[in-house]
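Note that my numbering has the sequence shown beginning at 4, numbered continuously upward. For each residue, glycine too, the CB sits at the ideal point set by N, CA and C. Every value quoted in this text rests on a predicted model; they were computed, and no experiment measured them.
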Amino acid sequence: MSNNNLKVSNLDFDDIKTDIKTFMSAQDKFQDYNFEGSALGTVIDVLAYVTHYNALSANMALNEAFIDSAQLRESVVSHAKLLGYTPRSAYSAVAYIDVLINSPTGIDGGDGTLLPMTMDKGTQFSTSIDGKTYYFVTDQTLTIEPDINGVYKYSNVKIMQGLFRDSDYIYDVDTSEKYIMPFATAVTSSLTVTIQTSSSSSEYTTYVRSTDVSAIDAATEVYYLTEGRDGYYDVSFGDGVLGKKLTNGNIIHLNYITNDTSAANGASSFTLNDTIQSNSDVTITLIQKALGGSDKEDIESIRFNAPLGFVSQNRAVTPDDYKSIIVNSYANIDAISVWGGEDNDPPDYGKVYISIKPKDAEVVPDADKVTIISQYLKPKNVVSITPTLIDPTYTYIHLETYFKYNPNHSDLSVDSLENLVRTSITTYNNNELKRFDGVFRHSQILKQIDASSIAILNSTCRVFMKKRFTPALNTEAKYTLVFSSPILKSSSADAILKSTAFTYKTKQCVLTDTLENGIRHIHIGLETDPKTIIVNKIGTIEESTGKVILDVFNPTAIIGTYIEVTVEPNSNDLAPKRNELLTILYNESVIQGEVDTMVTGGTSAGVNYTTTARS
4 MSNNNLKVSN LDFDDIKTDI KTFMSAQDKF QDYNFEGSAL GTVIDVLAYV
54 THYNALSANM ALNEAFIDSA QLRESVVSHA KLLGYTPRSA YSAVAYIDVL
104 INSPTGIDGG DGTLLPMTMD KGTQFSTSID GKTYYFVTDQ TLTIEPDING
154 VYKYSNVKIM QGLFRDSDYI YDVDTSEKYI MPFATAVTSS LTVTIQTSSS
204 SSEYTTYVRS TDVSAIDAAT EVYYLTEGRD GYYDVSFGDG VLGKKLTNGN
254 IIHLNYITND TSAANGASSF TLNDTIQSNS DVTITLIQKA LGGSDKEDIE
304 SIRFNAPLGF VSQNRAVTPD DYKSIIVNSY ANIDAISVWG GEDNDPPDYG
354 KVYISIKPKD AEVVPDADKV TIISQYLKPK NVVSITPTLI DPTYTYIHLE
404 TYFKYNPNHS DLSVDSLENL VRTSITTYNN NELKRFDGVF RHSQILKQID
454 ASSIAILNST CRVFMKKRFT PALNTEAKYT LVFSSPILKS SSADAILKST
504 AFTYKTKQCV LTDTLENGIR HIHIGLETDP KTIIVNKIGT IEESTGKVIL
554 DVFNPTAIIG TYIEVTVEPN SNDLAPKRNE LLTILYNESV IQGEVDTMVT
604 GGTSAGVNYT TTARS
């Protein structure tokens with residue numbers, strides 16, 4: 004009697020083929036049949052292939068049905084759309100400049116007075132990076148008055164990388180057309196939508212983007228923005244219930260910037276390409292180099308942010324709500340931290356604190372801070388809560404790394420091994436730190452150092468913390484430096500703090516400290532002999548809290564742009580708090596390799612074997 008049971012649980016091609024053979028072998032007509040040596044074997048291969056292909060297609064189709072498992076961008080975007088989330092578009096690099104008109108002409112009012120001067124929206128500037136030209140434009144029209152000396156100066160002008168584009172459409176009530184910006188790098192934050200009544204009319208109405216349907220009625224002039232299946236952003240309009248409905252013959256004007264994403268980040272020298280009201284003789288002064296250019300939001304970011312945006316329901320209450328709103332609106336983010344005022348030090352009730360580490364810079368430009376607070380957060384946060392954006396603080400990590408190596412295991416020189424170690428430290432810094440939850444783990448970095456070459460037998464790292472601050476010169480002021488971790492406490496009279504040199508009155512000095520009645524007092528000492536005190540007790544060190552407090556500090560001059568203070572942490576593992584970031588000064592780290600004589604010197608090798616001291 005034949006067995007008509009066919010297994011359907013296997014999905015692997017070979018397993019499917021085996022199941023088909025087993026099934027057919029159990030039939031009376033195919034008993035003792037040699038499937039491998041017959042044309043029927045090819046038929047079985049085809050059946051197995053079709054079954055496998057269908058199973059794979061069904062599995063892929065099922066995966067695309069969920070945002071967590073979807074692999075196609077159009078699928079992820081579609082699921083995000085159901086959650087009310089629109090993926091962030093490409094973002095232009097933004098620079099800030101001052102523009103001074105040197106020899107203004109054509110602006111005399113006729114009676115000896117000077118008229119206002121206007122810089123039009125779209126005024127074009129250019130820069131060159133590695134031989135390639137990139138264009139920047141102003142995103143709004145600026146009008147200024149001359150100062151009392153008749154000088155025209157545009158201050159802190161925002162210029163965005165890219166060029167303005169126009170897309171025009173005629174509305175037809177019989178179609179449900181969406182109006183596309185046909186460029187992959189269209190910047191939606193620069194989009195202006197205007198509706199012209201008809202080709203014979205000069206009447207224009209500017210529509211605004213809908214962000215809250217609860218505030219929309221049948222007469223509200225809004226547009227809706229979504230990302231389409233082709234990856235381009237498109238605009239649609241109201242249906243007469245949620246938003247004003249357009250009428251036949253209306254002309255839709257879309258004006259927006261397309262850019263080169265991140266290619267122009269870091270640009271710092273600009274040239275005016277256009278004229279400003281017939282004046283082309285200008286001097287441009289850089290205020291803030293170009294930062295923040297990026298491609299549109301990738302699949303993984305959409306997958307992560309869309310559910311958070313849905314949970315926030317277009318309001319800012321919890322820390323995740325604030326993160327979701329900012330990440331969806333502002334692209335120049337490398338890391339972000341949000342905490343309530345009750346968790347601040349000291350507590351500050353009624354506030355929420357946000358700290359952002361931007362890309363390719365340490366702090367967010369002031370103009371961007373204003374935009375984040377006023378445009379992105381204010382309309383959505385609770386009225387009684389004040390959002391406050393503060394700059395990240397940095398604890399810099401200085402490492403002194405020593406390793407032993409076996410020269411028989413590698414042809415590399417000690418210099419090459421040291422370079423490998425520096426590369427592994429750099430990789431650890433970039434992958435594990437530079438974010439608000441980035442913990443420096445001593446054992447992990449030693450593991451990476453040991454793994455950088457088969458020749459390295461063991462390693463050790465001395466860890467130091469550094470803080471940098473820029474004091475006011477010739478002015479008494481108080482400064483509090485808060486390190487990420489407690490400072491190593493010592494009962495020795497020797498100093499536990501070091502600093503870079505500065506000038507006090509006419510002498511080159513440094514900061515130093517002494518222990519007196521259990522308190523660490525900070526003094527100003529000579530650079531050549533820190534124990535020679537110039538000014539006594541200008542501050543204290545609180546080892547347990549990691550604070551260095553300068554109560555009265557009044558330097559005359561500093562070398563460079565900051566003073567650097569160095570201490571040794573109580574633990575070799577360092578963890579950031581709130582708006583603090585850890586970063587290793589890998590270019591300044593001390594890295595020293597030494598041949599391990601124990602493995603190369605025979606039985607007497609241990610006689611002169613040395614180990615690395617802890618400090």
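- A distance below 6 Å between beta-carbons, with the five flanking residues on each side excluded, links N557 to the following residues of its chain, in chain order: E479.
- Within the model, the alpha-carbon separation for L275 versus T195 is close to 24 Å.
- Pairwise C-beta distances place the segment 278–294 in contact with the segment 98–112, as three or more of them are shorter than 8 Å.
- Around the beta carbon of V570, 16 or more other beta carbons sit within 10 angstroms, so the residue counts as buried.
- Taking the Cα of L14 as reference, the smallest distance to any Cα among F33, V46 and L50 is reached at L50.
- V538 and A475 have their alpha carbons spaced roughly 18 Å apart.
- For G153, no beta strand (DSSP E) run applies, since DSSP gives it neither H nor E.
- Straight across, the Cα-Cα distance linking P382 with Y325 is about 12 Å.
- A check of alpha carbon separations from F486 across T426, I499 and T396 identifies T396 as the nearest.
- Of the other Cβ atoms in all chains shown, fewer than 16 fall within 10 Å of the Cβ of H412; this residue is therefore exposed.
- The beta-carbon distance between F139 and R168, rounded to whole angstroms, is 15 Å. This is too long to meet the 8 Å contact definition.
- Around the beta carbon of P119, fewer than 16 other beta carbons lie within 10 angstroms, which makes this residue exposed.
- Contact annotation: S239 and Y226 have beta-carbon atoms nearer than 9 Å.
- For the segment 406–443, the continuous alpha helix (DSSP H) assignments of 4+ residues that do not extend past its boundaries occur at 417–435, in sequence order.
- The beta carbon of S129 sits closer than 6 Å to the beta carbons of T136, Y138, T274 and N276 from its chain, once the five residues preceding and following it are set aside; these are given in chain order.
- Contact annotation: the segment 490–507 touches the segment 539–547, with at least three C-beta pairs closer than 8 Å.
- In this structure the segment 85–100 touches the segment 252–267; the number of beta carbon pairs closer than 8 Å is three or more.
- For F167, the enclosing beta strand (DSSP E) has its first and last residue at L166 to I173.
- When the beta-carbon positions are compared, L380 and A319 come within less than 9 Å of each other.
- Note: Q199 is bridge-paired with Y207 and I254 in the DSSP secondary-structure output.
- In the three-state DSSP reduction, V593 falls in the strand class (E or B).
- Apart from sequence neighbours up to five positions away, the residues of its chain that approach F467 with a beta-carbon distance below 8 Å are I400, H401, L402, E403, T569, V570, E571 and P572, ordered along the chain.
- Taking the Cα positions, L228 is about 39 Å away from V442.
- Fully enclosed beta strand (DSSP E) runs of no fewer than 3 residues occupy 338–343 and 354–360 of the segment 318–381, in order along the chain.
- The residue among L529, L491, E519 and T517 with its C-alpha nearest the C-alpha of T509 is L529.
- Going by C-alpha positions, E591 is about 19 Å away from E597.
- Of G353, S193, K20 and L117, the smallest CA-CA separation from T45 is found for K20.
- Shortest Cα-Cα distance from I162 to any of Q447, K550, S494 and N268 involves N268.
- Residue pairing of I566 in beta bridges, as defined by DSSP: F472.
- CA-to-CA, the gap between G231 and T398 works out to about 44 Å.
- Scanning its chain for C-beta atoms nearer than 7 Å, with the 5 sequence neighbours on each side dropped, one finds around Y155 the residues I104, P107, M120, I147 and P149, in chain order.
- For F313, the three-state secondary structure derived from DSSP is helix.
- Spanning the alpha carbons of N253 and S78 requires a straight line of approximately 33 Å.
- Excluding five sequence positions before and after S387, the CB atoms of its chain that fall closer than 8 Å to its own CB belong to G353, given in chain order.
- When only Cα atoms are considered, D114 and I151 end up about 16 Å apart.
- In the three-state scheme derived from DSSP, where H, G and I count as helix and E and B as strand, G542 is classed as strand.
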